Amino acid sequence: MLAVAIIAVGIFAGCSSVPKHDNMTGDWKYTFEETGKDGVHNGTMTIAQESYKLKGKCNDASGEFELSGSISENGPKFMIDGRRNDNKRNFHLNAALLSHNEFEGTYTTDQNTTGTMKGNRLKPE
């Protein structure tokens, strides 16, 4: 009977709908550099993670954006789409968590620009 219970717990644990890495929920600061343009820009974002889905907002020199995206089940990779509140600028970010408190990735915009983005939690955990 104990063996059956252990097997059942193992099966249910393996079917978890929670990613097997850090949760991104929290407040983040980030920098981004657009290819071909001078300067590094700063911004902040708030992310809420539920299972594999990401939602939130970010604000930087380009405006305020609504965020939606997802995080990979088995690895630290994630993607976020940002839509500015006036729909005049949108971006797509492909990134990876480097640690619980840090990420790095590349983005493209609907204006055919690209760049890099790096972020850190405002309050490291």
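Counting with my numbering, you get residues 7 to 131 for the letters of the sequence shown.
Every residue, glycine too, gets a C-beta built ideally from N, C-alpha and C.
Model, not experiment: these values are computed from the prediction.
Exercise. Taking all protein chains shown into account, decide if Ala67 is buried (16 or more other Cβ within 10 angstroms of its Cβ) or exposed.
Key: Classification of Ala67: exposed, given that the 10 Å Cβ count is below 16.
Practice problem: Might you give, ordered along the chain, the residues of its own chain that have their beta carbon closer than 7 angstroms to the beta carbon of Ile77, omitting 5 neighbours on each side? | Solution: Result list for Ile77: Pro25, Met30, Gln55, Tyr58, Leu60 and Phe84, in chain order.
Exercise. Assuming Phe71 and Arg90 form a contact by the criterion Cβ under 8 angstroms, report the distance between their Cβ atoms to the nearest whole angstrom.
Key: Contact between Phe71 and Arg90 is confirmed by a C-beta separation of about 5 angstroms, below the 8 angstroms threshold.
Quiz item: Measuring CA to CA, which of Ala102, Glu131 and Leu128 is closest to Ile86?
Solution: Comparing Cα-Cα distances from Ile86 to each of Ala102, Glu131 and Leu128, the minimum goes to Ala102.
Self-check item: Beta-carbon contacts of Gly120 that lie in its chain and below 8 angstroms, excluding the five residues immediately before and after
Solution: It is Thr, not Gly, that sits at residue 120 in the sequence shown. These residues qualify, in order along the chain: Glu40, Thr41, Thr112, Tyr113 and Thr114.
Quiz item: Using the C-alpha atoms, what's the distance from Asp44 back to Pro82?
Solution: Going by the C-alpha atoms only, they are around 30 angstroms apart.
Practice problem: Please report how far the alpha carbon of Asp4 lies from the alpha carbon of Gly69, in whole angstroms. | Solution: With the chain covering only 7 through 131, there is no way to say anything about residue 4.
Self-check item: Exposure of Leu128, with buried meaning 16 or more beta-carbon neighbours within 10 Å
Solution: Leu128 should be labelled exposed.
Quiz item: Excluding five sequence neighbours on each side, which residues of the same chain lie with their C-beta closer than 6 angstroms to the C-beta of Ser74?
Solution: Cβ within range, chain order: Lys61 and Asp87.
Quiz item: Where do the ends of the beta strand (DSSP E) carrying Leu128 lie?
Solution: Taken as a continuous stretch (DSSP letters only), Leu128 belongs to no beta strand (DSSP E), as it is neither H nor E.
Self-check item: Near the ligand NAP: Gly69 beta-carbon under 7 angstroms from a heavy atom
Solution: As presented, the structure is devoid of all ligands, the ligand NAP included, so that no description of it is given.
Quiz item: In its own chain, which residues sit with a C-beta less than 7 angstroms from the C-beta of Asn100, not counting the 5 before and 5 after it?
Solution: The beta carbon of Asn100 lies closer than 7 angstroms to those of Met85, Gly111 and Thr112 in the same chain, with the five residues before and after it left out.
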